[in-house]
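To start, the structure under review is shown below, and the notes come after it.
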Amino acid sequence: MRKYDDPVEVRRGQVGGLRDGESGQAELVGEAPEQFLWHGRLWKVRTVLAHWVETGPWWQSAGVRAVVGTEVSTELDHRERPVETMTGDLLAERELWRVEAGRGAGDSGGVFDLSFSWDDGRWQLVGCAD
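The following block contains the structure:
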């Protein structure tokens, strides 16, 4: 899978998901990416293959480095910093959707990883295998 960090516009809707092992039928995932616009091309999601949530790399934050002592901070001492500043890194998370999508009936399509950041409300295409 090739890695990307490209902004995309996403329209959410009701999308089918992974095939159930017993019945072979696609289950309705619920509200998920239904279409996305990438480099001026519209992609229609055929199936949601996976969905997960990742937390931000809180262990790399300046607040953690200051507490651990691996960085000399020129800002306020960590005991004087507001709790919101230090816990903000713990709350940063992004929602990832691995989808199969195509541009039309004759297009074989590909598999795409779409990321939604709860921190800033932006969608990104972060991976593609076509």
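Numbering-wise, UniProt numbering puts 78 at position 78 of the sequence shown, and it's gapless, one number per residue.
C-beta atoms are modelled at their ideal positions from N, C-alpha and C, and glycine is treated no differently.
- If you look at residue 65, you'll find it isn't in any beta strand (DSSP E); it sits in the alpha helix (DSSP H) that goes 62-68.
- In terms of Cα proximity to residue 12, the closest of 33, 2 and 4 is 33.
- A check of alpha carbon separations from residue 122 across 7, 129 and 2 identifies 7 as the nearest.
- Residue 10 has its alpha-carbon roughly 16 Å from the corresponding atom of residue 4.
- The Cβ atoms of residue 1 and residue 127 sit closer than 8 Å to each other.
- In the assembly as shown, residue 129 is an exposed residue. Its beta-carbon has fewer than 16 other beta-carbons within 10 Å.
- Distance from the Cα of residue 100 is smallest, within the candidate group 31, 30 and 35, for 35.
- A direct Cα-Cα distance of roughly 8 Å separates residue 65 from residue 59.
- Membership of residue 115 in the beta strand (DSSP E) is indicated by the continuous run 110-117.
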